[in-house]
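S.K.: Residues -2 to 350 in our numbering are what the sequence shown lists, from first letter to last. Here it is: the structure, laid out below.
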Amino acid sequence: MKRLLTFLLLFVVSALLPFGCSSANNNKQQVLSIYNYATYIAPEAIAQFEKENNVKIQYDTFENSEALYAKLKQGNPGYDLIFPADYMVKIMAAENIIEPLNPNNIPNQKNLEPKFLNQSFDPGNKYSLPYQWGTMGIGYSLKATKDELNSWTAMFDPKYTGKIAWQDDSRYTFAAALMYLGFDPNTTNPEEINKARDLLVKNKNIVAAFVPDTGQDLLDRGEVNLTLEWSGDIFQVMKENPDLRYAIPKEGSILFTDNMAIPKGAPHKELAEKFINFVLQPEIGAQISNFIHFGSPNKAAIDKGLIDPKDFKNPQIYPPAEVFAKMKFLQDVGTATSLYDRAWTEVKASGGK
């Protein structure tokens, strides 16, 4: 994908710039180690922070919040800043994997939209601050579907057999199945979870692939015609492929925020907080959102008109109130996690019906 290649090229260039400094400067230069999704930040923002603060950013990537959790659960290998999903913040805080933030070092949090603050997964934003937000929906090829899509029904339609991708993520794929069935995506009811499992097992044979947040690439290459994906990921490839579309299903869907948090034992906690404060500047927040095409939680950036009008006026990126009302955050389901894990194992092991 061209955007991925562009990102990698710009990032490599920015990463190499500090090595042109004198050896004396290199001895003083700190390294801020970030763990985030790939292509989930504007490379220019990284380069600017490095230049302004005489630091180097080491940017490692993970595929989903479960992979992030598994890595940090074993102990922090040296990361300063991580980007967990909303529900994962609660889990990590409860397990002492992330540290409280020092609000005195992050005055730019005043720029954030209040509706994205003080959420149930992190009351008072003790451990995290929102980075980007978006929705889960259906990315699809209009050439293949012929008509606009607006329902989860399409993800279980046998006429697309062999051309559908589901997320390789238990909670999000189960969320799609549960909402299709009319259930709460955060249900802890074993009967409802099992009905969603049965739906997924029944339809597994129509699925071409379970993808780790890369469904947009398969869609762009024509390997699938429908994919369960994130709004911004689809809009990134839509810029270069006018055949592609994104739909928020009428039954409702998942609203998410990815958040900035500091893992326990971070070597450069204050530098990480400085980076968070940098990202929360209206200009930087807008630069990032305009590059990755996710929703910005930065009210100041929106009020100043810094968000690309094409994105801001797009109801699939910034949904209207009536659509927003049907969106739900995934929540930590506590002991029911084992029910989801077992059901997911059964889905992955099945051959479909």
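The beta-carbon is built from N, C-alpha and C at its ideal position, and this holds for glycine as well.
(1) Is the Cβ-Cβ distance between A298 and S125 less than 8 Å?
(2) Count the other CB atoms, across all protein chains shown, that sit within 10 Å of the CB of T36; report buried if there are 16 or more and exposed otherwise.
(3) Per DSSP, T36 forms a beta bridge with which residues?
(4) With distances taken from CA atoms, which of S335, D329 and G348 is nearest Q116?
(5) Leaving aside the five residues before and after N295 along the sequence, list all residues of the same chain whose C-beta is less than 8 Å from its C-beta, in chain order.
(6) At which residues does the alpha helix (DSSP H) containing F171 begin and terminate?
(7) From the DSSP output, read off the bridge partner residues of Y137.
(8) Cutting at 8 Å between CB atoms, please list the residues of its own chain near E270, excluding the five before and the five after it.
(9) Is it right to say R194 is buried, meaning 16 or more other beta carbons lie within 10 angstroms of its own, or is it exposed?
(10) Express the C-alpha separation of L139 and D217 in angstroms, rounding to a whole number.
(11) Among all the DSSP beta bridges, which residues are the ones paired with E96?
(12) What's the C-alpha gap between V52 and Q26?
(13) Report back the beta-carbon spacing between S62 and G134 to the nearest angstrom; my notes put them in contact at under 8 Å.
(14) Would you call D240 buried or exposed, if buried means 16 or more other Cβ atoms sit within 10 Å of its Cβ?
(15) Look up P187 in the DSSP assignment and say whether it is helix, strand or coil.
(16) Can you give the Cα-Cα distance for E189 and Y169, rounded to whole angstroms?
(17) Would G302 be called buried (16 or more neighbouring beta carbons within 10 Å of its own) or exposed?
(18) Does the beta-carbon distance from A141 to L225 come in below 8 Å?
(19) Going by Cα to Cα distance, which pick from Q313, S347, F272 and N122 is closest to I43?
(20) Let me know the secondary structure DSSP gives Q164 once reduced to three states.
(21) Can you grab the Cα-Cα spacing for the pair Q129 / F253, in whole Å?
(22) DSSP three-state call for N295: helix, strand or coil?
(23) So, are the CB atoms of F362 and P127 less than 8 Å apart?
M.R.: Based on what the coordinates show:
(1) Counting from 1 along the sequence shown, the entry for residue 298 is found at position 301. Counting from 1 along the sequence shown, the entry for residue 125 is found at position 128. Their beta carbons are not under 8 Å apart, which means A298 does not touch S125 by this criterion.
(2) As a first step, residue 36 is located in the sequence shown; it is residue number 39 there, counting from the start. The residue in question, T36, is buried, as its Cβ has 16 or more Cβ neighbours within 10 Å.
(3) Within the sequence shown, residue 36 is the residue found at index 39, counting from 1. Answer is none; T36 lacks a bridge partner.
(4) As a first step, residue 116 is located in the sequence shown; it is residue number 119 there, counting from the start. The shortest C-alpha separation from Q116 is found at D329.
(5) Residue 295 sits at position 298 when you count from the first residue of the sequence shown. The residues are N108, L109, E110, L277, P279, G282, A283 and S286.
(6) Taking the sequence shown and counting its residues from 1, one reaches residue 171 at position 174. Counting along the chain, the alpha helix (DSSP H) containing F171 begins and ends at S167 to Y177.
(7) Start at 1 with the first residue of the sequence shown, and residue 137 comes out as number 140. BP columns for Y137 point to L223 and R242.
(8) As a first step, residue 270 is located in the sequence shown; it is residue number 273 there, counting from the start. Closer than 8 Å at the Cβ level, and outside the excluded window around E270, lie L98, N99, N102, I103 and I259.
(9) Translated into the one-based positions of the sequence shown, residue 194 becomes position 197. R194 comes out buried.
(10) Residue 217 sits at position 220 when you count from the first residue of the sequence shown. Residue 139 sits at position 142 when you count from the first residue of the sequence shown. Roughly 12 Å separates the two Cα atoms.
(11) Residue 96 sits at position 99 when you count from the first residue of the sequence shown. Answer is I259.
(12) In the sequence shown, counting from the first residue as 1, residue 52 sits at position 55. In the sequence shown, counting from the first residue as 1, residue 26 sits at position 29. One C-alpha to the other measures close to 5 Å.
(13) As a working mapping, residue 62 is identified with position 65 in the sequence shown. As a working mapping, residue 134 is identified with position 137 in the sequence shown. Actually they are not in contact, since the Cβ atoms of S62 and G134 sit about 18 Å apart, beyond 8 Å.
(14) If you number the sequence shown from 1, residue 240 lands on position 243. So D240 ends up on the exposed side.
(15) Taking the sequence shown and counting its residues from 1, the one referred to as residue 187 is at position 190. Assignment of P187 by DSSP, reduced to helix, strand and coil, places it in the helix class.
(16) One-based indexing of the sequence shown puts residue 189 at position 192. One-based indexing of the sequence shown puts residue 169 at position 172. Approximately 15 Å, taken between the alpha carbons.
(17) Against the sequence shown, residue 302 aligns to sequence position 305. It counts as exposed.
(18) On the sequence shown, position 144 is the one that residue 141 refers to. On the sequence shown, position 228 is the one that residue 225 refers to. Not closer than 8 Å, so no.
(19) Walking along the sequence shown from the start, residue 43 turns up at place 46. With distances taken between Cα atoms, I43 lies closest to F272.
(20) Along the sequence shown, one-based indexing puts residue 164 at 167. Strand.
(21) Mapped onto the sequence shown, residue 129 falls at position 132. Mapped onto the sequence shown, residue 253 falls at position 256. Roughly 8 Å separates the two Cα atoms.
(22) Sequence index remark: in the sequence shown, residue 295 carries index 298 (1-based). Reduced to three states, the DSSP call for N295 is strand.
(23) What the structure shows of the chain is the stretch from -2 to 350, and residue 362 is not part of that stretch, so it cannot be assessed.
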